[in-house]
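See below for the structure under consideration.
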Amino acid sequence: MAKVALITGSTAGIGKETALGLAKMGMDLILPIRNAQKGDALKKEILQQSPQAQIKFYDCNLASLKSIQACAEQVKKDYPQIHILINNAGVWQQNQALSDDGIEMTFAVNHLAPFLLTNTLLDTLKNSAPARIINVASDLHQGNINFSDIEFKKSYSGIGAYKQSKLANILFTRFLAQKLEGTNVTANALMPGFIATELFRNIPSFLRWIIPIFAKTPKQGAQTSIYLATSEEVKYTSGEYFKDKKRGKSSYNSKNTQTAERLWEISEQYIQKILG
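Residue 1283 is where the sequence shown starts when you use this note's numbering, and the numbers rise one by one after that.
Encoded structure:
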């Protein structure tokens, strides 16, 4: 029986290459998307490379907690087993923007979305064990969580919001791994590298020329995600941070359990406020 993988942000960049790679390895794909036209194009490309692939799309707006919850609940009804969850989607907002719920967009999409999606699917993942949760982070996670102004309302910084969200990804991963001890469900984070993807569509135009010079291709960037999803070498590895298919070093603050616990509690409060 084929393993089932759910991947967010699958219609472009690293997520697309991850979907293509896992389909080639015989996995069934669950792909939450917003743009049906992009979904159709992706399906065509996947089937050209992997004619046997089983793909199911779900309408999901990662800037809306209600949409995420509805999507996850429908996925649970349709799929009694999910073996791989890859929280790949991410945004970088040069200018301040709010999610559908009125939450700063970067914090909402990059952290609250995977937090809610993962926790809603957690029982299914446990029932599918061995299972793996993979969170795409970044080496730009330096700094700390600004608990006094977590949405940058006082003074917005696009890079600051992005860096904080990537730190949140790692803190979430590590705290989740602790909670999952003994369940045979692992949780790991990764640094895909500096990739030329749609993530950077909102950066200043005068900086865009730099990206192709230093960037990896999306296919290269997807390799660590695919590795963590499939390799026997990391079957029992959890709570780690990976780069180029190897364990990497994350920041001192990313290992602070008290910070991780506080972030978890605040994240639950956000979700409770919106979803009730």
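Every residue, glycine too, gets a C-beta built ideally from N, C-alpha and C.
In this chain, A1335 is not harboured by any beta strand (DSSP E), its DSSP state being neither H nor E. Comparing C-alpha distances from I1315 to each of T1300, M1307, T1293, L1462 shows the shortest one belongs to T1293. Judged by beta-carbon spacing, N1343 lies within the 9 angstroms limit of D1382, meaning their Cβ atoms are closer than that value. Counted as a single uninterrupted DSSP element, the stretch harbouring F1397 is not any beta strand (DSSP E) but the alpha helix (DSSP H) occupying residues 1395–1409. Beyond the five residues adjoining it in sequence on each side, K1358 comes within less than 7 angstroms, by CB distance, of L1403, T1406 in the same chain, given in chain order. When N1538, K1325, D1431, E1386 are compared, the shortest CA-CA separation from D1310 is found for K1325. When only Cα atoms are considered, L1302 and A1335 end up about 10 angstroms apart. The way I'd put it, the segment 1369–1377 doesn't touch the segment 1521–1528; fewer than three beta-carbon pairs between them come closer than 8 angstroms. Between G1475 and K1498 the beta-carbon gap is near 4 angstroms, inside 8 angstroms, which marks them as a contact. Membership of A1542 in any beta strand (DSSP E) is not indicated; the residue belongs instead to the alpha helix (DSSP H) covering 1539–1557.
Contact between F1389 and I1337 does not hold, since the beta-carbon distance rounds to 30 angstroms and is not under 8 angstroms.
If you draw a 10 Å sphere on the C-beta of S1520, you find 16 or more other C-beta atoms in it, and that means buried.
The segment 1297–1345 is shown to contain whole alpha helix (DSSP H) runs of 4 or more residues at 1318–1331, in chain order. A distance below 7 angstroms between beta-carbons, with the five flanking residues on each side excluded, links I1508 to the following residues of its chain, in chain order: T1300, G1303, L1304. By the Cβ-count criterion, P1500 is buried, with 16 or more other Cβ atoms from all chains shown falling within 10 Å of its own Cβ. Within the same chain, T1293 come within 6 angstroms of K1320 by CB-CB distance, once the 5 residues on both sides are set aside.
Comparing C-alpha distances from G1425 to each of K1537, N1401, Q1376 shows the shortest one belongs to K1537.
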